[in-house]
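Encoded as structure tokens, the structure appears first; notes follow it.
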Amino acid sequence: VEVRRIKRLIIHEKYTPTLEYNDVALLELDRPVQCSSTIQTACLPGPSVKVSELKNCYVAGWGDRIVKSSGRDVLQQAKVQVVPNQLCNSSEWLHGYIYDFHVCAGQGGVGTCQGDSGGPLVCQDKRGGFFWQIGVTSWGIGCARPKRPAVSSSTQYYYNWIRTTMG
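Residue numbering for the sequence shown follows full-length UniProt numbering, beginning at 1 and increasing consecutively.
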């Protein structure tokens, strides 16, 4: 088990909790994480990465498996489908609530739930071998409902903020 302490928390200066705008933060840890067969890093997607061409996307978290259940002490993961923002923002889906700084992912029966916020949304590069972290779980309506995918903050959208803030 790898345990780290948070040395510094940097919340986006324009974070709006009531609307979940700019729902992204950086954590500086007390010491580096040691990669192993079970602990790996993911790449930060810059502007040239075509997220729509990535495959094998996954979410992970410690949250509920169903609405209003107790959280788990075992990390859960699920393979999810990334939903194009245009569809995700359509009238039958999350009409009017999706912006360029969002990524939607999940399908009926599979997705994130309460307690998973802050967890990763990663997708495998089509060449294989490594993953891009395309999102950070932000919010959703219920858990894994049809036409109600989880909404993540897009790390690609916040690429410049992340790079500038990290120095």
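Even for Gly, the Cβ is constructed at its ideal location relative to N, Cα and C.
None of the values given here were measured: they were computed from a predicted structure.
Item, Value
"Where the beta strand (DSSP E) through W93 begins and ends", "W93 -> no beta strand (DSSP E), and no H or E assigned at all."
"Beta-bridge pairing of residue 223 - partner residues as DSSP gives them", "Coverage of the chain is limited to positions 1 through 167, which leaves residue 223 absent and any answer about it impossible."
"CB contact flag (C43, F101, <8 angstroms)", "no"
"Supposed close pair C159, P84 - CB separation, criterion 8 angstroms", "First, the residue type needs correcting, since residue 159 is Tyr and not Cys in the sequence shown. Y159 to P84, Cβ: 19 angstroms. No contact."
"Where R148 falls, given that 16 or more other Cβ within 10 Å makes a residue buried", "buried"
"Candidates G128, A78, W139 and G115: closest to G109 by CA position", "A78"
"Helix, strand or coil at V151 [DSSP, three-state]", "strand"
"DSSP state of S52 mapped onto helix, strand, coil", "helix"
"Residues bridged to F131 [DSSP beta-bridge criterion]", "Q124"
"Chain-order list of residues whose beta-carbon lies under 7 angstroms from that of G61 (same chain, five-residue window excluded)", "Q76, T112, G115, D116, G119 and T137"
"Terminal residues of the beta strand (DSSP E) in which I10 lies", "I6 to I11"
"Alpha-carbon to alpha-carbon, R8 and S52", "33 angstroms"
"Extent of the continuous alpha helix (DSSP H) to which C104 belongs", "Counting along the chain, C104 falls outside any alpha helix (DSSP H), though it belongs to the beta strand (DSSP E) covering H102 to A105."
"Distance CB(residue 200)-CB(N56) smaller than 8 angstroms", "For residue 200 there is no data in the structure shown, the boundaries of the chain being 1 and 167."
"C-alpha gap between R127 and K50, whole angstroms", "13 angstroms"
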